[in-house]
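Residue numbers (this note's numbering): 19 to 601.
Think of the CB as a built atom: it goes at the ideal place given N, C-alpha and C, for glycine as much as any other residue.
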């Protein structure tokens with residue numbers, strides 16, 4: 019807006035004292051101050067409101083006005099409530115520095131002027147941005163928009179003072195304006211969005227994290243040429259991007275909400291273009307997978323890998339090692355519109371696996387350009403050249419179970435020395451948001467093979483990854499993974515035990531202990547787990563549980579009495595161990 023518009027609004031009660039030739043200056047904001055030097059808070063274009071508390075004598079006016087003029091403010095409005103008439107020395111200083119000066123009637127609150135200016139400036143900025151968004155949308159119909167999502171996010175920041183980020187369903191930053199969003203915060207926001215989407219709440223979704231409010235908008239192309247909307251939210255919830263805006267949109271006018279919807283549409287079209295670019299990599303993975311599954315000659319598979327390697331590893335040419343990762347998303351029956359068996363889970367698992375295999379420390383939409391994922395039936399299968407993705411082991415203490423140490427006797431340090439992908443590390447940063455998206459009726463299970471050095475090893479790697487995924491499926495939890503190292507363990511046998519046999523076996527051994535614990539709070543199950551984990555060592559187990567050895571002996575005796583088993587016998591120890599693992 020122009021300064022002149024302020025004089026044309028009677029409700030503001032402004033009177034021009036000087037600077038009539040400068041009334042066409044543009045007002046970009048408003049600031050109230052009584053500091054003698056407010057320069058650190060000025061960026062140019064502001065209308066400065068002051069009550070003159072900074073002025074002690076006539077000599078103070080000149081340096082104050084000089085600072086404002088140097089900062090490039092649009093004008094100065096001084097209140098008459100404190101001193102009555104505006105001092106002549108201030109009028110003279112403003113004339114000298116060609117700074118428009120207004121007097122504010124004592125009956126008018128600065129808040130009234132501030133609200134008017136902010137409303138006018140925001141409305142004009144929104145109109146300008148809407149025109150830009152519309153122009154970009156029209157350009158998208160004939161060719162890609164320059165700059166990608168970052169361009170429109172920068173416009174949101176510069177024109178509407180909104181900080182915004184495009185996030186993947188796991189919370190990884192795809193694009194952003196300004197500072198990078200911390201990974202844990204992105205995962206938390208994605209979790210809020212997925213949980214709200216699963217409950218059917220209308221977007222935008224509101225999330226308050228660490229005292230800051232964010233509004234979360236789904237990014238989904240609903241325009242002409244878009245993919246038909248999913249009949250069931252579960253078919254898209256784990257693959258759609260979202261727009262996180264640092265603001266509370268609950269009280270926004272309809273025009274601003276429509277503008278943000280236009281922004282999401284623009285980003286959705288760009289996302290569709292990037293997905294289309296993945297077609298070549300997906301086709302390569304599909305061709306290799308078909309050759310492996312049909313028992314093609316290793317020479318034929320090797321030839322196809324030579325074609326794939328330059329696409330997945332530009333500049334390297336040949337991958338020295340490959341790994342196979344298998345993922346599956348399963349849905350149980352619920353009150354959703356489609357029955358669980360009718361949901362196309364293969365494409366969902368494919369998009370999700372492409373996201374999971376991206377290094378979480380890498381931002382940007384192109385960071386998955388070296389990952390080839392196919393899907394067959396309900397499975398997604400990734401062919402990963404090791405130089406493309408090297409994932410560090412998960413940090414301890416992030417809510418993760420130390421499955422790597424417990425499943426097969428290998429400790430985390432030993433696994434950390436192995437090259438390539440580690441099953442639990444893949445899920446360390448995505449478990450929280452994905453669990454929210456899976457809610458109470460979905461499960462993601464994932465298996466990782468060992469690295470293989472030639473085409474001959476791919477068939478075995480595929481079977482290994484599938485077996486590992488079955489091991490993961492035997493575990494409790496919404497998001498589970500298992501690696502190749504666990505296939506040398508007894509754990510490999512557990513997924514193939516029929517469910518009714520499992521239930522009968524665990525009930526016979528553990529139900530008496532659970533019932534006793536429920537009645538007496540004796541913690542017999544906890545004691546049994548610790549005793550087995552300490553290899554039957556009375557001293558170590560007592561120290562772990564902070565018990566006297568005699569108390570531990572009493573509890574173990576009670577376990578033996580209730581179950582009719584003898585914990586000094588290897589066979590009974592093994593039975594208890596397996597029952598605990600299957601329960």
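Exposure label - residue i; buried when at least 16 CB within 10 Å
| i | result |
| --- | --- |
| residue 537 | exposed |
| residue 90 | exposed |
| residue 236 | buried |
| residue 592 | exposed |
| residue 480 | buried |
| residue 307 | buried |
| residue 210 | buried |
| residue 215 | buried |
| residue 408 | With a pLDDT of only 43 at residue 408, under the threshold of 50, the placement of this residue in the model should not be trusted; the figure read from the coordinates follows. Exposed. |
| residue 282 | buried |
| residue 517 | exposed |
| residue 539 | exposed |
| residue 586 | exposed |
| residue 588 | exposed |
| residue 54 | exposed |
Sequence-distant residues of the same chain with beta carbon closer than 8 Å to residue i, five excluded per side
| i | result |
| --- | --- |
| residue 20 | 41, 42, 43, 44 and 45 |
| residue 542 | 531, 534, 535, 573, 576, 577 and 580 |
| residue 22 | 41 and 42 |
| residue 251 | 215, 216, 218 and 354 |
| residue 164 | Residue placement at residue 164 cannot be trusted, given a pLDDT of 49 that sits under 50; the coordinates are not used to answer. |
Under 7 Å between C-beta atoms of residue i and residue j
| i | j | result |
| --- | --- | --- |
| residue 326 | residue 473 | no |
| residue 52 | residue 71 | yes |
| residue 119 | residue 63 | no |
| residue 560 | residue 570 | yes |
| residue 467 | residue 341 | yes |
| residue 115 | residue 83 | yes |
| residue 442 | residue 499 | yes |
| residue 117 | residue 87 | yes |
| residue 260 | residue 455 | no |
| residue 486 | residue 471 | no |
| residue 193 | residue 171 | yes |
| residue 401 | residue 303 | yes |
| residue 175 | residue 196 | yes |
| residue 461 | residue 493 | no |
| residue 33 | residue 121 | yes |
| residue 343 | residue 363 | no |
Same chain, Cβ closer than 6 Å to residue i, five either side skipped, listed in chain order
| i | result |
| --- | --- |
| residue 398 | 345, 367, 368, 371 and 391 |
| residue 126 | 31 |
| residue 263 | 180, 182 and 233 |
| residue 199 | 183 and 191 |
| residue 389 | 372 and 375 |
C-alpha distance - residue i paired with residue j, whole-angstrom precision
| i | j | result |
| --- | --- | --- |
| residue 463 | residue 186 | 19 Å |
| residue 106 | residue 60 | 25 Å |
| residue 104 | residue 79 | 11 Å |
| residue 555 | residue 548 | 10 Å |
| residue 123 | residue 28 | 11 Å |
| residue 365 | residue 169 | 30 Å |
| residue 558 | residue 552 | 6 Å |
| residue 311 | residue 305 | 10 Å |
| residue 550 | residue 595 | 7 Å |
| residue 227 | residue 564 | 37 Å |
| residue 290 | residue 133 | 41 Å |
| residue 404 | residue 465 | 16 Å |
| residue 524 | residue 450 | 29 Å |
| residue 277 | residue 255 | 23 Å |
| residue 599 | residue 284 | 49 Å |
| residue 167 | residue 39 | 42 Å |
| residue 85 | residue 47 | 17 Å |
| residue 396 | residue 275 | 38 Å |
| residue 229 | residue 297 | 42 Å |
Same chain, Cβ closer than 7 Å to residue i, neighbours up to 5 away in sequence not counted
| i | result |
| --- | --- |
| residue 222 | 233, 234, 235 and 267 |
| residue 225 | 207, 210, 232 and 234 |
| residue 361 | 250, 252, 253 and 349 |
| residue 527 | 581, 593, 594 and 597 |
| residue 65 | 45, 48, 92, 93, 95 and 135 |
Next item on the list: Identify every run of the alpha helix (DSSP H) within the segment 167 to 234, keeping only runs that are complete inside it and at least 4 residues long; order them along the chain.
Entry: 167 to 178 and 201 to 216
Check: Which parts of the segment 77 to 114 are runs of the beta strand (DSSP E), unbroken and 3 residues or longer, counting only runs that do not cross its ends?
Finding: 93 to 97
Margin query: In chain order, what are the residue ranges of uninterrupted alpha helix (DSSP H) at least 4 long that sit wholly in the segment 455 to 493?
Written below: 476 to 491
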